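Visitor:
Numbering (the UniProt record's numbering), first residue to last: 1 to 211.
So, in structure tokens, the structure goes:
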């Protein structure tokens, strides 16, 4: 497996907003309601009802009083919505290819991404609290799932379609990062494991699928 290492406004809480409605919407719902009003001309009240986003919250974003990336009370998230969406897409893709990230691996991967974006110093990685907040913000798209346990013999086997798909994705990664000419960036990981049962830890994956 190839692992890639390189993968300030304070939120102004609106006092007119019912606190019982805070954090009851996902970034996806907020973005969809915002686009419905801005791009398709949907009325504020209708968009608020359709996407279950508080009316005042939606107005603040559309009118520019609060940035669209801000989705909860308290300090703004480290990553903006586009950056977090990239993280979500990445963990979903890796889970689909059989290399799902555990909680600690998700934190490590996101920390590397933050360092790459110069948003965090390398010596101060993200915490478990960031992970829980991240999972909460994107709860409609990802969740922690338990992969199916397979016997060692079955875990080693694969269909032709799965193998072809794996090598196609591997080629895409090699081409995307020009790794064919950067052998020093490719690492071989030896797994010394003699368990007779394949019992993987829980990983982050697409909420709508099983791994």
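The beta-carbon is built from N, C-alpha and C at its ideal position, and this holds for glycine as well. Computed from a predicted model, the values in this text were never measured in an experiment.
Should residue 202 and residue 146 be called a contact, given that it needs their Cβ atoms to be closer than 8 Å?
Guide: Yes, the Cβ-Cβ distance between residue 202 and residue 146 is below 8 Å.
Visitor: Is residue 63 helix, strand or coil when you go by DSSP?
Guide: It is coil, neither helix nor strand.
Visitor: Taking all protein chains shown into account, decide if residue 23 is buried (16 or more other Cβ within 10 angstroms of its Cβ) or exposed.
Guide: Unreliable placement is indicated for residue 23, whose pLDDT of 46 sits below 50; the coordinate value is still reported in the next sentence. Answer is exposed; the Cβ neighbour count stays below 16.
Visitor: Quick check on DSSP: helix, strand or coil for residue 53?
Guide: In this structure, residue 53 counts as coil in the three-state DSSP scheme.
Visitor: If I measure Cβ to Cβ from residue 126 and keep anything under 8 Å in the same chain, skipping five residues before and after, which residues do I get?
Guide: Hits under 8 Å: 78, 107, 110, 111, 114, 120.
Visitor: CB-CB under 7 Å to residue 169, same chain, minus the five flanking residues each way: which ones, in chain order?
Guide: Contacts found: 97.
Visitor: Return helix, strand or coil for residue 175, following the three-state DSSP convention.
Guide: DSSP places residue 175 in helix when its eight states are reduced to three.
Visitor: Can you look up residue 144 in the DSSP assignment and give me helix, strand or coil?
Guide: Correct three-state label for residue 144: strand.
Visitor: Assign residue 131 to one of three DSSP states: helix, strand, or coil.
Guide: Note: residue 131 maps to helix in three-state DSSP.
Visitor: Where residue 90 and residue 83 are concerned, what is the direct C-alpha to C-alpha distance, given to the nearest angstrom?
Guide: Their backbone Cα atoms lie some 11 Å apart in a straight line.
Visitor: Please classify residue 101: does DSSP put it in a helix, a strand, or coil?
Guide: Strand, per DSSP.
Visitor: Using CA atoms only, rank isn't needed, just tell me which of 103, 123, 162 is closest to residue 133.
Guide: Among 103, 123, 162, the Cα nearest to that of residue 133 belongs to 103.
Visitor: Which value, in whole angstroms, describes the spacing of the CA atoms of residue 176 and residue 94?
Guide: Roughly 16 Å between the two C-alpha positions.
Visitor: Measure the beta-carbon distance from residue 26 to residue 137 and round it to whole angstroms, keeping in mind my assumption that it falls under 8 Å.
Guide: About 7 Å; that satisfies the 8 Å criterion.
Visitor: Among residues of its own chain, excluding the 5 on either side of residue 37, which ones have a beta-carbon nearer than 8 Å to its beta-carbon?
Guide: Counting only Cβ-Cβ distances below 8 Å, and skipping sequence neighbours, we find 43, 44, 47, 58, 62.
Visitor: Which word fits residue 88, buried or exposed, when buried means at least 16 other C-beta atoms lie within 10 angstroms of its C-beta?
Guide: Label assigned to residue 88: buried.
Visitor: Expressed to the nearest angstrom, what Euclidean distance is found between the alpha-carbon atoms of residue 183 and residue 100?
Guide: Cα-Cα distance, rounded: 24 Å.
Visitor: Take residue 204 and list the residues in its own chain whose beta-carbon comes closer than 7 Å to its own, dropping the five residues that flank it on each side.
Guide: Counting only Cβ-Cβ distances below 7 Å, and skipping sequence neighbours, we find 91, 95, 100, 101, 106, 142, 144.
Visitor: Roughly how many angstroms lie between the CA atoms of residue 188 and residue 140, to the nearest whole one?
Guide: Cα to Cα, residue 188 sits roughly 35 Å from residue 140.
Visitor: Note down, in chain order, each residue of its chain lying with its Cβ closer than 7 Å to the Cβ of residue 32, except the 5 sequence neighbours on either side.
Guide: Hits under 7 Å: 51.
Visitor: Between residue 29 and the rest of its own chain, which residues show a CB-CB distance below 8 Å, the 5 nearest in sequence each way excluded?
Guide: 51, 52, 53, 140, listed in sequence order.
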